[in-house]
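Everything in the sequence shown is counted per numbering that gives the first Met the number 0, starting at 0 for the first residue and increasing by one. Since the structure comes first, as structure tokens, the remarks are kept for the end.
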Amino acid sequence: MKKIIPFSLAITLSACTGTNTQTGKNNKQESCRCETIENDNDVFATNVTIKDKSQPNILSFHCADIDVGTASVSDENGENEHEKAIYDIRCVSSTAQTIELSDDFKYFTDRMQSQTDFFRVLKGGEKHFFEFTLERRKVISIAKLDIE
Numbered sequence: 000m001k002k003i004i005p006f007s008l009a010i011t012l013s014a015c016t017g018t019n020t021q022t023g024k025n026n027k028q029e030s031c032r033c034e035t036i037e038n039d040n041d042v043f044a045t046n047v048t049i050k051d052k053s054q055p056n057i058l059s060f061h062c063a064d065i066d067v068g069t070a071s072v073s074d075e076n077g078e079n080e081h082e083k084a085i086y087d088i089r090c091v092s093s094t095a096q097t098i099e100l101s102d103d104f105k106y107f108t109d110r111m112q113s114q115t116d117f118f119r120v121l122k123g124g125e126k127h128f129f130e131f132t133l134e135r136r137k138v139i140s141i142a143k144l145d146i147e
């Protein structure tokens, strides 16, 4: 009886370890496949550039698969409570895509900004993440994500 218990325990632990490893292999994405860009949806993007200087309304970008959560935060005194978005970047596509900007698109950071501010951010050369809101396959709204 004493030999059966350690043997059963060893088999159980081995089975758990094997299952976790198998699950880990199944969850691993070999390449990032963002959802197909449809007429009206939201798309997360990075590596955003103007595709052609002669056509500043066409953007080139890599889509990203990002999980979004919300946390309630406050200052050190427990006051000024507010919500803050938390982002988990799952993957970034290795394939560049293009999309057209609407002439009257809106640009936001933590508040509304001008279109010129958006183009200035692109010229800055830093890597940023954005959320594009689409309507009829045109970007009507861009939100710069605060990813730390």
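For each residue, glycine too, the CB sits at the ideal point set by N, CA and C.
Check whether residue i and residue j have beta carbons under 8 Å apart
| i | j | result |
| --- | --- | --- |
| alanine 44 | histidine 61 | yes |
| serine 93 | cysteine 33 | no |
| alanine 95 | serine 53 | no |
| leucine 144 | valine 42 | no |
| phenylalanine 107 | valine 138 | no |
| valine 47 | leucine 121 | yes |
| isoleucine 65 | isoleucine 88 | yes |
| isoleucine 141 | phenylalanine 117 | yes |
First and last residue of the uninterrupted beta strand (DSSP E) at residue i
| i | result |
| --- | --- |
| lysine 137 | 137 to 143 |
| asparagine 56 | 54 to 72 |
Selected residue, minimal CA-CA separation from residue i, among the options
| i | options | result |
| --- | --- | --- |
| isoleucine 36 | Asp87, Ala70, Phe131 and Glu75 | Phe131 |
| glycine 124 | Arg110, Ser113, Asp39 and Ile49 | Ile49 |
| histidine 127 | Gly77, Cys31, Asp74 and Tyr86 | Tyr86 |
| aspartate 129 | Pro55, Asn40, Ala63 and Asp51 | Correcting the residue type first, residue 129 is phenylalanine in the shown sequence and not aspartate. Of the candidates Pro55, Asn40, Ala63 and Asp51, the one whose C-alpha sits nearest the C-alpha of phenylalanine 129 is Ala63. |
| threonine 115 | Asp51, Asp39 and Pro55 | Pro55 |
Cβ separation of residue i and residue j, assumed to be a contact under 8 Å, to the nearest whole Å
| i | j | result |
| --- | --- | --- |
| valine 72 | histidine 81 | 6 Å |
Secondary structure of residue i, DSSP reduced to three states
| i | result |
| --- | --- |
| threonine 108 | coil |
| aspartate 39 | coil |
| aspartate 116 | helix |
| phenylalanine 126 | It should be noted that the sequence gives lysine, not phenylalanine, for residue 126. Coil at lysine 126, not helix or strand. |
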